[in-house]
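What follows is one structure encoded as structure tokens, with my remarks underneath.
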Amino acid sequence: MRELASHVWPRGAERGGAGELMLGGVDVRDLAQEFGTPLFVLDEADVRSRARAFRDAYADAGASWVFYAAKAFLSVAVARWVHEEGLGIDVASGGELAVAMRAGVPGEALLMHGNNKSMAEVQMAVEYGVGRIVIDSFEEIARVAEAAAQAGVVQQVLVRATVGVEAHTHEYIATAHEDQKFGLSASGGAVEEAVRRIAKLPSLTLVGLHSHIGSQIFDAAGFEVAAARVVALAQRIYDEQGIEIEELNLGGGMGIAYLDSDDPLDVQEMAGQIGDIVAKACAEYGITAPRLAFEPGRAIVGPAGVTLYEVGTIKPVELDHGQVRTYVSVDGGMSDNIRTALYGADYTITLASRVSEAEPMLCRVVGKHCESGDVVVRDAWLPGDLAPGDLLAVAATGAYCRSMASNYNYLPRPAVVAVADGGAREIVRRETVEDLLGLDVAT
Numbered sequence: 004m005r006e007l008a009s010h011v012w013p014r015g016a017e018r019g020g021a022g023e024l025m026l027g028g029v030d031v032r033d034l035a036q037e038f039g040t041p042l043f044v045l046d047e048a049d050v051r052s053r054a055r056a057f058r059d060a061y062a063d064a065g066a067s068w069v070f071y072a073a074k075a076f077l078s079v080a081v082a083r084w085v086h087e088e089g090l091g092i093d094v095a096s097g098g099e100l101a102v103a104m105r106a107g108v109p110g111e112a113l114l115m116h117g118n119n120k121s122m123a124e125v126q127m128a129v130e131y132g133v134g135r136i137v138i139d140s141f142e143e144i145a146r147v148a149e150a151a152a153q154a155g156v157v158q159q160v161l162v163r164a165t166v167g168v169e170a171h172t173h174e175y176i177a178t179a180h181e182d183q184k185f186g187l188s189a190s191g192g193a194v195e196e197a198v199r200r201i202a203k204l205p206s207l208t209l210v211g212l213h214s215h216i217g218s219q220i221f222d223a224a225g226f227e228v229a230a231a232r233v234v235a236l237a238q239r240i241y242d243e244q245g246i247e248i249e250e251l252n253l254g255g256g257m258g259i260a261y262l263d264s265d266d267p268l269d270v271q272e273m274a275g276q277i278g279d280i281v282a283k284a285c286a287e288y289g290i291t292a293p294r295l296a297f298e299p300g301r302a303i304v305g306p307a308g309v310t311l312y313e314v315g316t317i318k319p320v321e322l323d324h325g326q327v328r329t330y331v332s333v334d335g336g337m338s339d340n341i342r343t344a345l346y347g348a349d350y351t352i353t354l355a356s357r358v359s360e361a362e363p364m365l366c367r368v369v370g371k372h373c374e375s376g377d378v379v380v381r382d383a384w385l386p387g388d389l390a391p392g393d394l395l396a397v398a399a400t401g402a403y404c405r406s407m408a409s410n411y412n413y414l415p416r417p418a419v420v421a422v423a424d425g426g427a428r429e430i431v432r433r434e435t436v437e438d439l440l441g442l443d444v445a446t
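Residue numbers (the numbering used here): 4 to 446.
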């Protein structure tokens with residue numbers, strides 16, 4: 004129970020002499036005392052090193068751009084980290100764009116997604132000089148063209164193609180099969196029609212095609228099928244319209260280890276395989292390989308994050324046949340990590356504040372919300388002497404936890420703290436009850 008699997012926990016995680024968890028050289032007990040719990044902790048050196056690894060590996064595979072997928076988690080500090088390490092940023096809303104702008108990320112290093120971008124968001128992106136906007140519908144062609152014409156610029160765009168590939172992932176995060184909200188069908192002529200319309204508009208220029216097959220993907224098999232179909236689509240567009248596809252963005256979706264048993268591909272290996280797949284597909288169709296782009300998010304920030312909770316109530320519940328399940332309630336829950344309730348996600352959890360030689364007990368770690376589905380970790384082995392006041396740490400929570408957090412039951416959202424070289428600083432402050440009441444306009 005004390006061991007920290009190196010592929011699950013942040014690279015700077017280790018145990019101190021008393022069994023306490025150390026992150027980036029900082030004792031989590033000190034973090035909890037100074038910043039409170041629940042608390043998101045990000046290992047800055049880990050985020051930066053993973054950003055560099057993706058930059059270098061995918062450049063070797065032929066990528067001209069690696070965009071950090073901001074939806075995984077974004078703050079001004081994180082935007083600066085990844086940009087300083089040579090990555091662009093993929094934003095999907097006016098709010099995410101505003102954070103990137105506040106961080107000083109230049110427009111040409113940004114790409115904008117979204118299946119229903121408002122005119123205000125499109126205008127904001129065009130006026131800031133966002134380098135690429137991904138067209139997700141016929142309506143967006145008109146919106147982006149109008150905004151670009153008003154600004155007196157020619158906007159670079161990509162067309163998002165759904166290629167009929169279902170990644171081996173949860174149905175809610177598989178995004179390239181036909182029956183879903185993203186993109187235009189690659190098989191029914193919709194992409195070709197979008198390209199045809201874009202070519203007629205002087206305020207737009209097509210630079211490429213985009214495909215994203217899903218999230219939490221552990222191998223390159225899905226990319227192989229997707230790449231072949233997108234390359235075939237590019238060939239059809241050239242044959243029919245004489246328009247050459249210069250850039251192919253294959254999205255993100257590279258998975259991470261949440262459990263010791265998870266075994267995602269190494270970054271270099273995944274990049275190399277995808278690069279080879281695209282080169283082979285282009286060779287088969289006799290076309291010049293386009294520039295490549297990718298959008299990792301979870302794989303950069305996910306493993307670098309840990310959530311700290313304080314144990315509150317411990318409740319043994321007798322089940323059939325004399326079995327006992329111990330419910331361990333913590334001071335957060337589905338408001339700071341909805342993924343277990345939403346996706347049935349699994350996590351690794353450990354006692355973080357002390358050492359224990361007690362025999363392990365099978366626990367269900369739950370939150371404090373008014374939902375029976377408010378589960379943090381469904382099945383966890385924790386020490387039998389676990390007590391109120393102990394600290395628990397959940398690994399691999401850097402992605403899609405704070406960014407999907409809510410105020411359910413009017414719980415303020417936790418702070419985010421960055422640790423590096425033995426020091427800690429708050430990069431997103433904890434919400435207060437005053438913040439929540441400040442939105443209520445009743446008199």
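We treat Cβ as the ideally placed atom computed from N, Cα and C, and that holds for glycine.
Taking C-alpha positions only, L45 is separated from A260 by approximately 16 Å.
In this structure, the beta-carbon distance from S338 to A418 does not fall below 9 Å. Here the alpha carbon of H116 sits roughly 33 Å from the alpha carbon of S264. When rounded, the separation of the alpha-carbon atoms in A423 and Y350 is 24 Å. Every unbroken stretch of the beta strand (DSSP E) spanning 3 or more residues and falling wholly within the segment 359–400 is given here in chain order: 363–369, 378–386, 394–398. When the five nearest sequence neighbours on each side are left out, the beta carbons in the same chain lying within less than 7 Å of the beta carbon of I280 are those of A223, F226, E227, A230, in order along the chain. Residue pairing for V137: DSSP places it in a beta bridge opposite L161.
Here the segment 94–102 makes contact with the segment 57–75; the two share three or more CB pairs at distances below 8 Å. Assigned with DSSP and collapsed to three states, T343 falls in helix. The C-beta separation of G255 from P299 comes to about 5 Å, placing the pair in contact by the 8 Å criterion.
When DSSP assignments are scanned along the segment 219–259, the uninterrupted stretches of beta strand (DSSP E) that are 3 or more residues long and fall wholly within it turn out to be 250–252. A residue is called buried once 16 or more other Cβ atoms fall within 10 Å of its Cβ, and W384, having fewer, is exposed. Under the DSSP assignment, S52 falls in the alpha helix (DSSP H) whose first and last residues are 47–63. In the structure shown, L322 adopts coil according to DSSP, grouped into three states. Annotated as distal: R357 and D334, with beta-carbon spacing of 9 Å or more. Cβ neighbours of V194 within its own chain (closer than 8 Å, five residues either side excluded): V162, A164, L187, S188, L212, L236, I240. When L209, V420, L7, A54 are compared, the shortest CA-CA separation from V270 is found for A54. By the Cβ test, the segment 424–441 is not in contact with the segment 363–370, since fewer than three Cβ pairs between them sit closer than 8 Å. Partner residues in a beta bridge of H116, as assigned by DSSP, do not exist.
Beyond the five residues adjoining it in sequence on each side, P41 comes within less than 7 Å, by CB distance, of T310, L311, Y312, D334, G335, D339, P417 in the same chain, given in chain order. If the five residues before and after V166 are omitted, its C-beta is found closer than 7 Å to the C-beta atoms of A179, A189, S214, A229, R232, V233, all from its own chain and listed in chain order. Assigned with DSSP and collapsed to three states, F38 falls in helix. By the CB criterion at 9 Å, V133 and R105 fall outside the cutoff. Secondary structure note for G441: it is in no alpha helix (DSSP H), with a DSSP letter that is neither H nor E. In the DSSP assignment, R14 falls outside any beta strand (DSSP E), carrying neither H nor E.
Excluding its 5 nearest sequence neighbours in each direction, D438 has C-beta neighbours in its own chain below 8 Å: P415, listed in chain order. When only Cα atoms are considered, A35 and G19 end up about 16 Å apart.
Cβ contact annotation for E99 (same chain, cutoff 6 Å, sequence separation greater than five): A73, L77, in chain order. Within the same chain, and ignoring the five residues on either side of V436 in sequence, the residues whose Cβ sits closer than 7 Å to its Cβ are P415. Rounded to the nearest whole angstrom, the CA to CA distance from I317 to S375 is 16 Å. Within 10 angstroms of the beta-carbon of N252 lie 16 or more other beta-carbons, which makes it buried. Nearest Cα to I201 within the set E249, F141, A296: F141. DSSP places H86 within a helical segment (H, G or I) once states are collapsed to three.
DSSP, reduced to helix, strand and coil, places S332 within a strand of the structure shown. The beta carbon of E196 is closer than 6 Å to none in its chain, skipping five residues each way along the sequence. The secondary-structure analysis by DSSP pairs A427 across a beta bridge with V422.
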